[in-house]
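So the structure is just underneath, and the comments pick up after that.
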DNA sequence: CCTCTCTACTTGTCTGAGGAGTCGTGCTAC
DNA sequence: GTAGCACGACTCCTCAGACAAGTAGAGAGG
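Chains as they are written, first to last, in UniProt numbering: chain F, 1 to 222; chain D, 1 to 222.
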């Protein structure tokens with residue numbers, strides 16, 4: 001009979017708040033009433049209101065700033081980023097990757113921790129060890145490049161790189177399969193130099209290495 | 001540079017949990033340790049752990065069932081793109097913008113059509129004309145920068161730039177309002193030089209101008 | 001072997017307290 | 001008069017403790 005009760009109060013409160021936000025009760029960027037006001041208004045305790053707010057914060061609808069209040073950061077959730085990538089030209093994807101990765105390499109040179117450097121070198125060795133199977137080699141290569149982007153300690157750049165990965169993987173496997181040859185010493189040397197520039201904290205040099213390496217790939221794929 | 005402390009404990013706890021989940025510490029569908037176990041393990045109170053769990057529940061990673069426990073419902077979160085932007089540090093956003101825009105400027109120098117160039121110069125004039133109202137000036141500035149990215153004829157870079165726009169706009173308006181001063185001649189000169197490099201088809205020069213201009217902004221906001 | 005019950009454990013909710021950050025107000029100094 | 005500063009009200013953040021509500025497994029009884 002009482003199956004309405006099944007949902008926890010915090011979930012119900014979150015749903016209720018979301019409805020009121022969508023209804024336009026508070027403008028985008030506007031401040032919500034305080035927790036102490038909202039709690040009796042919704043008929044629940046303060047901690048329950050807090051959990052509801054947290055839940056919506058996790059979805060990106062709300063953001064709370066200590067001392068200031070809780071603010072509306074979005075009215076609804078958005079569009080399909082993957083769709084853009086899928087329909088885009090491969091050359092465009094690589095150009096975007098060059099932009100991301102060269103900048104990340106320069107930042108990584110300045111911010112890398114000893115731990116980052118260890119991860120980069122481990123990925124480099126792993127990359128050298130995987131020269132037989134094409135897919136394994138591509139995956140190892142991706143892990144190496146990702147370790148560099150991660151060393152830049154910039155979540156946006158990391159997220160972008162991860163977004164490009166699936167699309168790139170497919171293209172690279174095809175390219176290497178066509179060329180029949182991969183993972184030669186010259187290629188590996190370029191990667192070693194890139195790692196070395198980052199180890200030396202040479203930002204400009206790292207960006208240059210990254211740019212020339214990816215530029216060659218772009219030329220090969222175009 | 002020690003701004004690490006600014007994130008609330010609940011956010012830090014959520015991030016920590018997400019890392020451990022991604023690392024595979026708990027399988028998909030598996031039960032996490034109880035809140036009373038997790039709390040001392042993370043060094044926070046039980047309510048804080050609950051808020052962290054709620055946050056991840058809002059993102060679809062966890063689901064809790066009263067009496068049973070908390071379960072992993074997803075390993076890979078297709079992280080909402082603008083949710084990342086909203087959460088991210090402003091410095092990170094600018095760094096990503098530098099990466100996008102410098103590369104776009106270089107490409108634009110090589111690919112601009114006469115029509116692109118006309119649009120860029122029109123946006124530049126418009127930018128110079130809007131020096132009174134802060135929001136109008138920011139919008140005009142954004143249109144100028146966008147005209148350059150558009151001239152690169154790369155849909156990915158354009159899409160990324162557009163994604164950054166809302167977050168940047170808010171921050172720039174705040175900054176200019178605080179600084180009290182904006183749109184001076186030195187600033188306008190930098191923009192004129194950028195347009196000129198693109199007109200001359202000087203890719204490296206355009207990238208350099210773009211980078212130095214945005215680098216100054218990063219320094220001002222940091 | 002099956003079923004029922006009971007118990008230990010887990011999440012849900014509330015309350016009260018104090019800490020920390022933000023923002024506007026009003027005072028002070030120039 | 002105006003700029004700078006101190007203060008106080010307000011807000012979110014965190015913790016601790018208590019009890020309610022629900023679940024699942026162990027054990028007793030059939």
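C-beta: ideal position from N, C-alpha, C; glycine also.
Rounded to whole angstroms, how far is the Cβ of residue 104(D) from the Cβ of residue 152(D), which I believe are closer than 8 Å?
4 Å
Between the alpha carbons of residue 29(F) and residue 63(F), how many angstroms are there, rounded?
10 Å
Give me the DSSP bridge partner(s) of residue 63(D).
71(D), per the DSSP bridge assignment.
Under 9 Å (Cβ pairs) to chain D, residues found in the stretch 141 to 163 of chain F:
152, 153, 154, 155, 156, 157, 159, 160, 162, 163
Return the first residue and the last residue of the alpha helix (DSSP H) that residue 33(F) is part of.
Taken as a continuous stretch (DSSP letters only), residue 33(F) belongs to no alpha helix (DSSP H), as it is neither H nor E.
Three CB pairs or more closer than 8 Å across the stretch 9 to 21 of chain D and the stretch 199 to 211 of chain F:
In this structure the stretch 9 to 21 of chain D does not lie against the stretch 199 to 211 of chain F, because fewer than three pairs of beta carbons, one per stretch, are closer than 8 Å.
Alpha carbon to alpha carbon, how far is residue 199(F) from residue 114(F)? Give it in angstroms, no decimals.
Taking the straight line joining both Cα atoms gives about 9 Å.
Could you work out which residue in 155(F), 141(F), 188(F) is closest to residue 165(F) when comparing CA atoms only?
141(F)
Rounded to whole angstroms, what's the CA-CA distance from residue 27(F) to residue 72(F)? Just pull it up for me.
7 Å
Contacting residues, own chain, Cβ-Cβ under 6 Å from residue 130(D) (five flanking each side not counted):
136, 137, 140
Chain D contact residues for residue 58(F), given Cβ-Cβ distances below 8 Å:
What residue 58(F) touches in chain D: 14, 54, 55, 56, 57, 58, 59.
Taking three-plus beta-carbon pairs below 8 Å as touching, is the stretch 90 to 104 of chain F in contact with the stretch 141 to 150 of chain F?
yes
Quick one: measure Cβ to Cβ for residue 6(D) and residue 85(D), integer angstroms, because I've assumed they're closer than 8 Å.
Not really, about 18 Å apart at Cβ, beyond 8 Å.
Please list the partners that residue 21(D) has in chain F, where partner means a Cβ-to-Cβ separation under 8 Å.
Near residue 21(D) there are no residues of chain F at all, since even the closest Cβ is about 14 Å away, more than 8 Å.
From residue 158(F) to residue 81(D), what does the alpha carbon distance come to, in whole angstroms?
12 Å
Please check if any C-beta of chain D sits within less than 8 Å of the C-beta of residue 215(F).
no
Beta-carbon proximity list for residue 39(F), same chain, < 8 Å, skipping 5 on both sides
Excluding positions up to five away in sequence, the list reads 45, 46, 48, 49.
Taking DSSP as the reference, what is the three-state secondary structure of residue 89(F)?
coil
Residues of the stretch 109 to 140 of chain D with Cβ closer than 7 Å to any Cβ of chain F, in chain order
none
Measure the Cβ-Cβ separation of residue 171(F) and residue 75(F) and say whether it is below 8 Å.
Between residue 171(F) and residue 75(F), the C-beta gap is not smaller than 8 Å, which leaves the two residues out of contact.
Beta-carbon contacts of residue 4(D) that lie in its chain and below 8 Å, excluding the five residues immediately before and after
In this prediction, residue 4(D) has a pLDDT of 46, which is less than 50 and means its spatial position is unreliable; what the coordinates show is noted afterwards. So no residue of the chain qualifies.
Note down the Cα distance separating residue 211(F) from residue 125(D), rounded to an integer number of angstroms.
34 Å
Taking the alpha carbon of residue 154(D) as the reference point, which residue from 88(F), 112(F), 134(F) has its own alpha carbon closest?
That would be 88(F), whose Cα lies nearest to the Cα of residue 154(D).
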